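Position 442 of the sequence shown, counted from 1, bears residue number 442 in UniProt numbering, the numbering being contiguous throughout. Heads up, the beta-carbon is just placed ideally off N, CA and C, and yes, glycines get one too. All values derive from a computational prediction rather than experimental measurement. Working notes, beginning with the structure itself.
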Amino acid sequence: MSSQSASDKPELIATEQTLEPDTSQRFTASVSHEIRTPLNGILGMVSLLKETELSLVQKEYVEAIGKSGSRLLDLLNNVLDYSRLEAGDIPLDIAAFDPSELIQDVVELLAPRAHAANLDIAAAPSPGMPASFLGDAGRIRQILFNLAGNAIKFTQAGGILVTARLATSGELVFAVRDTGAGIPKKDQEKIFSAYGQVSASDAGKDSGVGLGLAIAQRLALAMKGRLHISSELGSGAGFFLTLPLEVSESKKSTKKAISKTQLCVDLRASCASQIAVMSALADSDLICRLPAHKEKPDVAILDGSHSPADIKKTAKKTPTLVILRPEDRAQIPKFREMGCVGYLIRPLRGSSIAERVAIAARGEEFKESQESIETALPGSRALIADDNPVNSLLAKRALTTAGFAVDTAGTGAEALEAVQNTPYSIIFMDVRMPVMDGLEATRRIRALGGVTGKVPIIAVTADVDPELETKAEKAGVSLIAAKPIDPQRLRELALSWAVSGGMQV
């Protein structure tokens, strides 16, 4: 067996070398899809298992499976990305984008991973920064995702902060800071090289093969930017991405000021959350300051991990907002009973922070917003179009628990037929399906016009295709979601995009 395998190697190498670039890219995308699909099933089932009654030992086993699957997925992503970069395949898609929205996207994608590790993660764009730059948002997002994902991996306690600011030089600077152990000066030069790790002992700490930072460095150079680190052992690390991007419009952020009243805010939360709150309030033109000695604050913002006694004592004297994780939403009534007037859900969003702080400070009635909705409106129906039965089962179970009636389709053609016979609130459309792919099905649904043609369609994909975002936008896709999608994320997407009776919620 081994001799046969050895003799086959030269032929295999020769075959790979003769592949045309387009063929090679299709091969990479196909391999990615074939590996990601079963991985999606494994990680999805793990997420569903976590929502069932398990013994302590069973929970440990499920956690171990989930962590191993996640590491395998990260490795797959990095190997495929690095192989493309080695081949010099770094196409750039230059378009207008909002850096504030981009860093918020990165934070929201990584929030489940950070929260599972008991870490906070937040985005804090610089107040008054221009709202639109010209650049490749997808590549920038990929770099920040690698940097922030790496920060989560090597941070034991505290949190991660992702920021964006316009430097005096006119360059756009993104930063990812963590409260981890830090990196020794002698090791900082090699961490951007492929397979470079901080020390020989890293390999025993599930640190991966060291491709993530090498990929980030190559992408930064492809955009004529630079990536550098600032860190000291024991003091965390900061990674800075500097890009010479053009401002596509001269106006500043268009966010309206909610109030110009000076506010004294009692802020007791993680460092990342504190900076996110201060940044959001500054961008809303609220004049915010921390209380001086014995000064009575106008608003208090407390992390939900504070003791009930501390929260009650604060809420009795000051309008209080509590910061919660998404999985803690069920505890909202309990915090209401403690006297809290409202809440903020991690990862914190700038617009939500400013709005809720202003409402609390004015003493107005706090109305529940769309953010607190945990179940779909009556009559909501979702369509899952996926040729993989395991993926369909996962999605159906997740959306059913969120109150959706769910139908499934195994091809794009079946999805198109279903849409013409049944009104849907939302469609999750796998990109790769037999008979008719997801993008073609989306194009045809949009062509139907009327209410049917306007239904939100979320494209779900396991492919690694730099041009997919452009293709999906042209097809009429509302949003792209990369597999695997955990059940909680699937429910959040469905609830935020769903329509009822053909009308936008």
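Cα-Cα separation, residue i to residue j
i: L92; j: A123; result: 25 Å
i: L344; j: F335; result: 12 Å
i: I458; j: Q142; result: 20 Å
i: P127; j: F174; result: 14 Å
i: A429; j: E232; result: This sequence places Met at residue 429; Ala is not what is there. Spanning the two alpha carbons is a distance of roughly 46 Å.
i: G379; j: M338; result: 35 Å
i: A409; j: P456; result: 16 Å
i: P130; j: C340; result: 35 Å
i: Q488; j: E355; result: 25 Å
i: V303; j: A269; result: A small correction: the amino acid at residue 303 is Asp; Val does not occupy that position in the sequence shown. Going from the Cα of D303 to the Cα of A269 covers about 5 Å.
i: L263; j: R36; result: 49 Å
i: V176; j: G350; result: 18 Å
i: A472; j: A385; result: 16 Å
i: G170; j: L48; result: 47 Å
i: D407; j: L416; result: 13 Å
i: S352; j: L54; result: 35 Å
i: V322; j: G342; result: 7 Å
i: L493; j: L479; result: 9 Å
i: I90; j: A222; result: 7 Å
i: K59; j: G69; result: 15 Å
i: A498; j: F404; result: 10 Å
i: L324; j: L348; result: 9 Å
i: K186; j: A330; result: 47 Å
i: A447; j: L172; result: 39 Å
i: T314; j: S305; result: 14 Å
i: A282; j: I140; result: 25 Å
Whole-Å CB distance - residue i paired with residue j, under 8 Å assumed
i: S152; j: L119; result: The sequence given here places Ile at residue 152; Ser does not occur at that position. Sure, about 6 Å apart at Cβ, within 8 Å.
i: A413; j: V431; result: That belief does not hold up - the Cβ atoms of A413 and V431 are roughly 15 Å apart, past 8 Å.
i: A358; j: L286; result: 7 Å
i: Q188; j: I229; result: 5 Å
i: T179; j: G149; result: Not really, about 16 Å apart at Cβ, beyond 8 Å.
i: L267; j: I301; result: 5 Å
i: T452; j: V419; result: 6 Å
i: L72; j: L39; result: 7 Å
i: G234; j: A157; result: In fact, because the Cβ distance is near 13 Å, the residues do not count as touching under 8 Å.
i: L211; j: N78; result: 4 Å
Of the residues the options, the one placed nearest residue i, counting alpha carbons only
i: S248; options: G350, L263, A498, L134; result: L134
i: S496; options: P38, A292, L399; result: L399
i: L144; options: F239, T320, L245; result: F239
i: S83; options: L219, A167, K471; result: L219
i: L245; options: D136, N40, D298; result: D136
i: V299; options: I485, S68, P291; result: P291
i: I332; options: P308, L54, G225; result: P308
i: A395; options: R226, S132, L43; result: L43
i: L227; options: G234, L211, F192; result: F192
i: I65; options: T461, K50, L75, V79; result: K50
i: R491; options: R444, I426, E440; result: I426
As assigned by DSSP and simplified to three states, the class of residue i
i: G236; result: coil
i: V477; result: coil
i: M223; result: coil
i: V390; result: helix
i: Y82; result: helix
i: M338; result: coil
i: G159; result: strand
i: I103; result: helix
i: M436; result: coil
i: Y61; result: helix
i: P487; result: helix
i: G170; result: coil
i: A300; result: strand
i: H228; result: strand
i: R325; result: coil
i: M364; result: It is Glu, not Met, that sits at residue 364 in the sequence shown. Coil.
i: F133; result: strand
i: V451; result: coil
i: I94; result: coil
i: R346; result: coil
i: S179; result: Here residue 179 is Thr; the residue named in the question, Ser, does not match the sequence. DSSP places T179 in coil when its eight states are reduced to three.
i: T400; result: helix
i: A418; result: helix
Assigned exposure category for residue i - 16 Cβ within 10 Å defines buried
i: Q217; result: buried
i: K296; result: exposed
i: R289; result: exposed
i: A237; result: buried
i: N421; result: exposed
i: Y61; result: exposed
i: S279; result: buried
i: P125; result: buried
i: A272; result: buried
i: I94; result: exposed
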